[in-house]
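**Q** Dropping the structure in here first, questions after.
Protein chains: 2
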Amino acid sequence: MRIGELSRRTGVPVATIKYYVREGLLPAGRLTSPNQAAYDDTHEHRLRLIRALLDVGGLSVSSIRDVLEAVDDRTQPVHEVLGWAAKGILGPAGVAADPAAAAARDRVAGLIERRGWQVAPESPPAEALAEALAALDRVGHGVFVDAVLEDYADAAEDVARVDLEYVGRHGSVEDMVESVVVGTVLGEAVLAALRRLAHVHASARRYGAAAVPPAADGSGAHSS
Amino acid sequence: MRIGELSRRTGVPVATIKYYVREGLLPAGRLTSPNQAAYDDTHEHRLRLIRALLDVGGLSVSSIRDVLEAVDDRTQPVHEVLGWAAKGILGPAGVAADPAAAAARDRVAGLIERRGWQVAPESPPAEALAEALAALDRVGHGVFVDAVLEDYADAAEDVARVDLEYVGRHGSVEDMVESVVVGTVLGEAVLAALRRLAHVHASARRYGAAAVPPAADGSGAHSS
DNA sequence: CCGTTATGGATAGTGACACTCGCCGCTATC
DNA sequence: GATAGCGGCGAGTGTCACTATCCATAACGG
Numbered sequence: 001m002r003i004g005e006l007s008r009r010t011g012v013p014v015a016t017i018k019y020y021v022r023e024g025l026l027p028a029g030r031l032t033s034p035n036q037a038a039y040d041d042t043h044e045h046r047l048r049l050i051r052a053l054l055d056v057g058g059l060s061v062s063s064i065r066d067v068l069e070a071v072d073d074r075t076q077p078v079h080e081v082l083g084w085a086a087k088g089i090l091g092p093a094g095v096a097a098d099p100a101a102a103a104a105r106d107r108v109a110g111l112i113e114r115r116g117w118q119v120a121p122e123s124p125p126a127e128a129l130a131e132a133l134a135a136l137d138r139v140g141h142g143v144f145v146d147a148v149l150e151d152y153a154d155a156a157e158d159v160a161r162v163d164l165e166y167v168g169r170h171g172s173v174e175d176m177v178e179s180v181v182v183g184t185v186l187g188e189a190v191l192a193a194l195r196r197l198a199h200v201h202a203s204a205r206r207y208g209a210a211a212v213p214p215a216a217d218g219s220g221a222h223s224s
Numbered sequence: 001m002r003i004g005e006l007s008r009r010t011g012v013p014v015a016t017i018k019y020y021v022r023e024g025l026l027p028a029g030r031l032t033s034p035n036q037a038a039y040d041d042t043h044e045h046r047l048r049l050i051r052a053l054l055d056v057g058g059l060s061v062s063s064i065r066d067v068l069e070a071v072d073d074r075t076q077p078v079h080e081v082l083g084w085a086a087k088g089i090l091g092p093a094g095v096a097a098d099p100a101a102a103a104a105r106d107r108v109a110g111l112i113e114r115r116g117w118q119v120a121p122e123s124p125p126a127e128a129l130a131e132a133l134a135a136l137d138r139v140g141h142g143v144f145v146d147a148v149l150e151d152y153a154d155a156a157e158d159v160a161r162v163d164l165e166y167v168g169r170h171g172s173v174e175d176m177v178e179s180v181v182v183g184t185v186l187g188e189a190v191l192a193a194l195r196r197l198a199h200v201h202a203s204a205r206r207y208g209a210a211a212v213p214p215a216a217d218g219s220g221a222h223s224s
């Protein structure tokens with residue numbers, strides 16, 4: 001397969017594929033002549049993965065490069081791979097120093113301890129959580145945390161159990177790291193969408209009984 | 001309070017505050033002279049909200065403008081507000097037409113029906129879900145969906161129940177829409193972080209028994 | 001009273017990001 | 001042997017979230 005067909009199969013423009021190769025997201029094709037290269041199924045699969053991470057997962061190109069390096073590195077322990085991606089989605093952040101942040105970090109440490117989670121409080125997900133709790137506090141919704149944190153944690157545990165089961169049942173170690181990545185990133189998108197769906201349903205049931213036909217107008221549908 | 005103090009209190013640069021005012025995210029201060037304006041607590045609160053949605057929620061400035069308009073518009077029914085924000089996080093997207101997308105939409109419709117959810121299958125969250133499922137399918141992890149969808153949906157229902165209870169118990173209708181926004185957007189970040197935390201824990205327990213001291217090296221800790 | 005600093009308002013510029021274009025010389029295909 | 005496609009490269013594009021500069025005016029300190 002040459003680049004044109006790869007492009008046609010995946011719907012990704014040729015120029016973009018070349019760009020991904022330059023950026024190190026996609027390995028170059030096997031050269032058959034000085035200016036002719038062949039691509040195969042692995043390239044196609046990798047390309048689809050890149051697009052999924054980019055479009056649905058919302059990762060940046062540079063995060064994806066890091067992630068894919070981890071996927072390719074077979075020596076990477078699975079649970080190590082799980083910590084990274086937060087930084088790609090949340091900004092560089094860099095450990096805030098205000099009172100809200102300090103309180104949030106304590107709160108996270110308490111939660112981890114109470115749950116008996118074997119996680120370092122300095123790990124990226126823990127800091128991401130602290131960041132989110134601090135933000136909630138700063139906008140005056142600190143109570144939200146009191147009201148929901150434990151229930152959220154229960155739900156997170158349920159979900160994580162299911163995820164791990166899937167990854168574990170998925171056969172070869174080669175694919176495992178990719179399963180973890182896919183499950184983490186795309187699973188997040190799935191869960192978020194489900195939560196909003198459940199919100200809409202629960203809200204419609206509780207407040208407006210009036211049917212909610214939201215596709216009728218375009219008021220909020222188009223972007224920019 | 002003048003703009004300088006507002007800046008000092010929130011940590012947001014003066015130039016950035018001016019930018020938010022220009023962009024319509026933040027109302028202008030009350031003019032006391034042709035070139036002097038006063039800001040109050042509502043401005044401060046709004047500014048913190050903007051930063052939270054931006055930094056933690058990952059919304060774009062234009063999404064935030066839309067969201068805040070809804071917050072300010074008291075006539076907005078609550079369950080109507082719940083549909084929007086997906087477009088800010090996921091791209092404009094625009095309804096894919098390939099087989100994976102079609103299958104995913106069917107699947108979503110089936111799920112909604114099976115759950116008895118009162119949600120239109122064309123609503124933004126439903127389409128976001130279909131998008132995510134389609135992406136999963138395209139990267140060859142369609143099985144993931146079979147394995148976890150129902151459990152995810154259970155978890156989402158649990159979480160949504162808790163969320164709605166919080167919003168309902170939160171008093172005045174004025175604050176309700178804001179609670180919904182905050183709960184939806186920041187709650188998503190909280191839930192995602194908790195899920196990753198639970199992943200790391202469950203994974204450490206199941207695979208590497210070796211303690212996982214992740215803060216020791218800086219290999220993945222600092223960004224870019 | 002006056003120099004310094006801060007302010008509102010407007011315009012222009014910045015850096016990061018994810019592409020996208022154009023060019024060159026070569027190759028595959030009809 | 002014309003035409004289309006190719007690999008590789010550098011440069012350009014549009015968007016986004018700021019950021020910098022400028023001006024005339026206002027507040028503030030001595």
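Quick note, the sequences are listed as chains A and B, same order. Residue numbers for the first sequence follow UniProt numbering, so the first one is 1 and each next one is one higher. Residue numbers for the second sequence follow UniProt numbering, so the first one is 1 and each next one is one higher. Each residue gets a CB set at the ideal place from its N, CA and C atoms; glycine is no exception.
1) So which residues of chain A does Gly183 (chain B) contact, with C-beta pairs closer than 7 angstroms?
2) How would you write the range of the alpha helix (DSSP H) that Thr42 (chain B) sits in, first residue to last?
3) Checking 8 angstroms against the spacing of the C-beta atoms, do Ala198 (chain B) and Ala70 (chain A) come in under that value?
4) To the nearest angstrom, report how far apart Leu186 (chain A) and Gly4 (chain B) are at their CA atoms.
5) Quick check on DSSP: helix, strand or coil for Ser33 (chain A)?
6) Could you check the C-alpha separation between Gly24 (chain A) and Val61 (chain A) for me, to the nearest Å?
7) Going straight from the alpha carbon of Gly91 (chain A) to that of Ser123 (chain B), what length do you get?
8) So, Ser179 (chain A) versus His43 (chain B), is the Cβ gap smaller than 8 angstroms?
9) In chain order, what residues of the segment 137 to 161 of chain A put their CB closer than 7 angstroms to some CB of chain B?
10) Less than 8 angstroms between CB atoms is the rule here; does Gln118 (chain A) satisfy it with respect to chain B?
11) Quick check: Ala193 (chain A) and Ala132 (chain B), are their CB atoms within less than 8 angstroms of each other?
12) Determine the direct distance from the alpha carbon of Leu53 (chain A) to that of Ser63 (chain A), and round the result to whole angstroms.
13) Identify the contact partners of Val56 (chain B) in chain A, using a Cβ-Cβ distance below 8 angstroms as the criterion.
14) Can a CB atom of chain A be found closer than 8 angstroms to the CB of Ala125 (chain B)?
15) Excluding the 5 residues preceding and the 5 following Arg74 (chain B) in the sequence, name in chain order all residues of the same chain whose CB lies nearer than 6 angstroms to its CB.
16) Hey, does Arg48 (chain A) have any beta-carbon neighbour from chain B nearer than 8 angstroms?
17) The alpha helix (DSSP H) with Asp154 (chain A) in it runs from where to where?
18) With three or more C-beta pairs closer than 8 angstroms as the rule, is the segment 108 to 126 of chain A touching the segment 157 to 165 of chain B?
19) Check the DSSP bridge columns for Ala132 (chain B) and list the partner residues they point to.
20) Please state if the CB of Arg8 (chain B) and the CB of Tyr39 (chain B) are separated by a distance shorter than 8 angstroms.
21) Here's a check: name, in chain order, each residue in its chain whose Cβ is nearer than 8 angstroms to the Cβ of residue 269 (chain B), leaving out the five neighbours to either side.
22) Of all the CB atoms in chain A, is at least one closer than 8 angstroms to the CB of Val177 (chain B)?
23) Spatial neighbours of Ala86 (chain B) within its chain, please: C-beta separation below 6 angstroms, excluding the five flanking residues on both sides.
24) In three-state terms, what does DSSP make of Ala120 (chain A)?
25) Taking the alpha-carbon positions, what's the Arg169 (chain B) to Tyr207 (chain A) distance?
26) For a test of the three-state rule: what should DSSP assign to Ala38 (chain B), helix, strand or coil?
27) Between the C-alpha atoms of Ala104 (chain B) and Thr10 (chain B), what's the straight-line distance to the nearest angstrom?
28) Under 8 angstroms, Cβ to Cβ, is there at least one residue of chain B near His43 (chain A)?
29) Any residues in the segment 23 to 42 of chain A with a beta carbon nearer than 8 angstroms to a beta carbon of chain B? Which ones, in chain order?
30) Can you check whether the C-beta of Ile195 (chain A) is within less than 8 angstroms of a C-beta belonging to chain B?
31) Please list the partners that Leu186 (chain B) has in chain A, where partner means a Cβ-to-Cβ separation under 7 angstroms.
32) Kindly indicate which residue of B:Val182, B:Asp55, B:Leu47 and B:Val12 has the alpha-carbon position closest to the one of Val148 (chain A).
33) Compute the Euclidean distance between the alpha carbons of Ala100 (chain B) and Arg115 (chain B), then round it to the nearest angstrom.
34) State buried or exposed for Arg138 (chain A), treating a residue as buried only when at least 16 other CB atoms are found within 10 Å of its CB.
35) In chain A, what lies closer than 8 angstroms to Leu59 (chain B) by C-beta?
36) What's the gap between the Cα of residue 234 (chain B) and the Cα of Leu59 (chain A)?
**A** Reading it off the structure:
1) Near Gly183 (chain B) (Cβ distances below 7 angstroms), the residues of chain A are Phe144.
2) Asp41 to Arg51
3) no
4) Between Leu186 (chain A) and Gly4 (chain B), the C-alpha separation is close to 42 angstroms.
5) strand
6) 10 angstroms
7) Note that Gly91 (chain A) has pLDDT 44, beneath the 50 cutoff, so the model's placement of it is unreliable and no number is given.
8) No Cβ-Cβ contact shorter than 8 angstroms links Ser179 (chain A) with His43 (chain B).
9) Arg138, Val139, Gly140, His141, Phe144, Ala147, Val148, Asp151, Tyr152, Ala153, Ala155, Ala156, Glu157, Asp158, Val159, Ala160 and Arg161
10) yes
11) yes
12) 10 angstroms
13) Leu90, Glu131, Ala132 and Ala135
14) Residue identity check: residue 125 (chain B) is Pro in the sequence provided, not Ala. So, interface residue.
15) none
16) Chain B contact via Cβ: present.
17) For Asp154 (chain A), the enclosing alpha helix (DSSP H) begins and ends at Gly142 to Gly168.
18) no
19) For Ala132 (chain B), which the question treats as bridged, DSSP gives no partner whatsoever.
20) no
21) Coverage of chain B is limited to positions 1 through 224, which leaves residue 269 (chain B) absent and any answer about it impossible.
22) no
23) The predicted position of Ala86 (chain B) is uncertain, since its pLDDT is 49 and thus under 50; a value taken from the coordinates is nonetheless stated next. Contacts found: Pro124, Pro125 and Ala128.
24) coil
25) 13 angstroms
26) strand
27) Their Cα atoms are separated by approximately 44 angstroms.
28) no
29) none
30) Looking at the sequence shown, residue 195 (chain A) is not Ile but Arg. Closer than 8 angstroms to some Cβ of chain B, the Cβ of Arg195 (chain A) qualifies, so yes.
31) Ala132, Ala135 and Leu136
32) For Val148 (chain A), the closest alpha carbon among the candidates B:Val182, B:Asp55, B:Leu47 and B:Val12 is that of B:Val182.
33) 22 angstroms
34) buried
35) What Leu59 (chain B) touches in chain A: nothing, since even the nearest Cβ is about 11 angstroms away.
36) Nothing about residue 234 (chain B) can be read from this structure; chain B reaches only from 1 to 224.
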